Amino acid sequence: MVIGMRIKELIKSITLTILVISSIVLTLLIWNFTPDIADVDSELAKENTKSIGPRFESQINQVIAPLQLVHVHGTNIEGMPATREVNELSDIFAKQHINKVVYIENDQSLLLRELSDHFLILDYPTDIPIAIYLSDVLDVQAKVPNHFKFNRLIYDIDSAEHLVVYAIDETRHRAVKMTTSIKTSSAKNHLEELKMALRPYMNVSTNEDTVNKATYLYAPKAPENLKTYRTIFNHISVEDLNAILFDDTPIVRTTKSGNTIYNNNTGVVNYDPDRKTYHYTNLTEDEYSTRDMNISIPRTFDYINEHGGFTDDFRLFNTNKDQGLITYQMFLNGRPIFYPNQLNQILVSWGERGIFEYSRGLLKTNVTIDNGEKPKKLPTLEDVRGALASSNQVDYRKVEQLVVGYRMVSKKGPDNRLEIQENSQFEPIWFVKHEGKWYEFNDGELIEQ
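The UniProt record's numbering numbers the first residue of the sequence shown as 1 and each following residue consecutively.
Following this line, the structure appears as structure tokens:
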């Protein structure tokens with residue numbers, strides 16, 4: 001009995017000691033606790049960022065995106081424009097990795113000896129640094145050649161159990177072969193979901209660098225049932241953009257041409273009310289913008305995205321490393337939209353610490369609907385190819401891409417101003433990339449955009 005009482009007292013003492021120690025520890029933790037406000041600050045910064053559209057809405061895999069997808073299975077060739085469903089093909093890389101990287105180079109046309117007869121092609125409108133694409137778009141890490149850029153990806157979906165991806169540069173002389181941990185069945189399953197949208201495509205050779213299945217140009221064989229769309233635009237406020245780009249209220253003056261100039265000690269804006277275009281230059285940055293696209297592409301994407309600047313389906317369309325200039329272009333239904341005075345584009349260059357130049361059209365689509373007219377049938381690819389090959393004004397060997405896009409048509413009023421609420425249309429038409437520039441194909445002639 002006495003022993004039992006002693007054990008009970010001992011247990012009480014131990015329990016009391018534990019409670020006292022726990023109380024002391026909790027008190028010390030409370031005294032020394034410093035809340036982690038980094039995430040709070042980040043969210044507040046996002047909320048306080050001025051914007052012209054929904055902030056941080058665009059995903060980078062929807063902005064750094066292809067022009068088209070082509071499915072080659074033996075002699076059967078099909079394809080489609082790069083809709084959002086096509087861009088979601090990058091999702092198969094989630095939580096995957098690259099096991100092996102091999103660099104391939106040929107003096108003449110690239111020859112991929114191990115490429116099977118069943119593969120997917122993703123063609124891009126401009127060359128993209130592979131390191132940025134892997135890390136930012138696909139979220140995978142791999143040791144790849146420094147400064148290698150590509151404008152075509154080939155997914156070999158029949159060569160082995162695991163997906164092999166080839167990144168091919170614009171010269172069609174170099175490639176990076178990447179063996180992944182992705183099951184080829186994943187790519188085939190995604191392809192199965194797209195099959196209803198695939199249409200007959202054809203391959204084209206334009207010179208000695210485009211002479212095999214890995215290097216041919218590919219385009220729709222006979223485009224038909226293409227709708228014209230009518231759209232009504234909203235106007236982006238100049239004051240909203242000024243609030244983003246200027247630290248304080250700028251001085252305003254009007255030039256003889258009717259343009260409005262805004263400026264202060266940090267920057268200057270030229271606003272053209274007739275053309276609906278806006279051009280900003282940062283005076284605090286060096287006149288030479290960054291030439292390294294590994295820096296410029298992700299930073300310009302983040303900058304535009306944080307103030308809601310991707311007001312429509314804008315995609316990376318051109319990278320000019322000589323000028324440090326990046327072009328994001330408007331798309332509709334996975335097809336690029338062309339317009340002569342840059343209403344369809346965002347042009348931006350990055351300086352040492354921030355934006356150096358920023359130009360854009362000040363229209364954003366509000367409502368876009370089928371115009372109700374009979375769908376168009378365009379010239380066949382063979383007709384386009386034949387006209388280009390026989391033209392005295394075109395060097396057929398320098399044709400780089402052929403796509404069906406939209407020509408943006410906006411009516412003008414009696415004072416020559418754009419009537420943005422009246423019957424602006426997106427009309428389907430052939431476009432040709434020739435010597436690095438895009439042209440509208442019109443009855444055998446190329447009209448510069």
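All C-beta atoms in this analysis are idealised placements derived from N, C-alpha and C, irrespective of residue type, glycine included.
All figures in this text were calculated on a predicted structure; none of them were measured in a lab.
Is the closest heavy atom of the ligand MG to the C-beta of residue i under 7 Å?
| i | result |
| --- | --- |
| Asp107 | This structure does not include the ligand MG; it has no bound ligands of any sort. |
Looking at the unbroken alpha helix (DSSP H) that takes in residue i, where does it start and where does it end?
| i | result |
| --- | --- |
| Gln62 | 60–63 |
| Ala142 | Unbroken run through Ala142: none, as it is neither H nor E. |
| Lys188 | 184–194 |
| Asn242 | 238–245 |
| Leu381 | 381–390 |
| Asn87 | 84–87 |
Report buried or exposed for residue i, applying the criterion of at least 16 other Cβ atoms within 10 angstroms of its Cβ.
| i | result |
| --- | --- |
| Tyr285 | According to the sequence displayed, residue 285 carries Glu and not Tyr. That one is buried. |
| Gln68 | buried |
| Arg315 | buried |
| Ser349 | buried |
| Gln323 | exposed |
| Pro200 | exposed |
| Lys398 | exposed |
| Pro375 | exposed |
| Ala94 | exposed |
| Gly436 | exposed |
| Leu388 | buried |
| Asp313 | buried |
| Gln401 | buried |
| Val102 | exposed |
| Val409 | exposed |
If the criterion is Cβ atoms closer than 8 Å, does the pair residue i and residue j meet it?
| i | j | result |
| --- | --- | --- |
| Asn259 | Pro250 | no |
| residue 451 | Glu170 | The requested residue 451 is not part of the displayed model; the chain covers only 1 to 449. |
| His97 | Ser181 | yes |
| Glu357 | Thr281 | yes |
| Ala214 | Leu120 | no |
| Ser90 | Asn305 | no |
| Leu194 | Val204 | no |
| Ile447 | Tyr439 | yes |
| Phe441 | Val384 | yes |
| Phe233 | Asn366 | yes |
| Ile60 | Val70 | no |
| Leu363 | Ile236 | yes |
Kindly give me the distance between the Cβ atoms of residue i and residue j, rounded to whole angstroms, as I take these residues to be in contact under 8 Å.
| i | j | result |
| --- | --- | --- |
| Asp107 | Asn151 | With 8 Å as the limit, Asp107 and Asn151 do not qualify as a contact, their Cβ atoms being about 20 Å apart. |
| His279 | Lys50 | Going by Cβ atoms, the distance from His279 to Lys50 rounds to 19 Å, so no, they are not a contact pair. |
| Ile333 | Gly361 | Going by the sequence as given, residue 333 is Asn instead of Ile. That pair is no contact at about 19 Å. |
| Asn264 | Asp248 | 6 Å |
| Arg335 | Tyr406 | 6 Å |
With 8 Å as the threshold, decide whether the Cβ of residue i is near any Cβ in chain B.
| i | result |
| --- | --- |
| Val211 | Chain labels in this structure do not include chain B; a single protein chain is all it has. |
Starting from residue i and walking both ways along the beta strand (DSSP E), at which residues does that stretch end?
| i | result |
| --- | --- |
| Arg397 | Arg397 -> no beta strand (DSSP E), and no H or E assigned at all. |
| Pro298 | Unbroken run through Pro298 is the alpha helix (DSSP H), 293–306; no beta strand (DSSP E). |
| Val165 | 162–168 |
| Ile121 | 118–129 |
Does the region 56–70 come within contact of the region 116–136, defined as at least 3 CB pairs closer than 8 Å?
-> yes
Hey, is the region 355–372 in contact with the region 218–232, meaning 3+ C-beta pairs nearer than 8 Å?
-> yes
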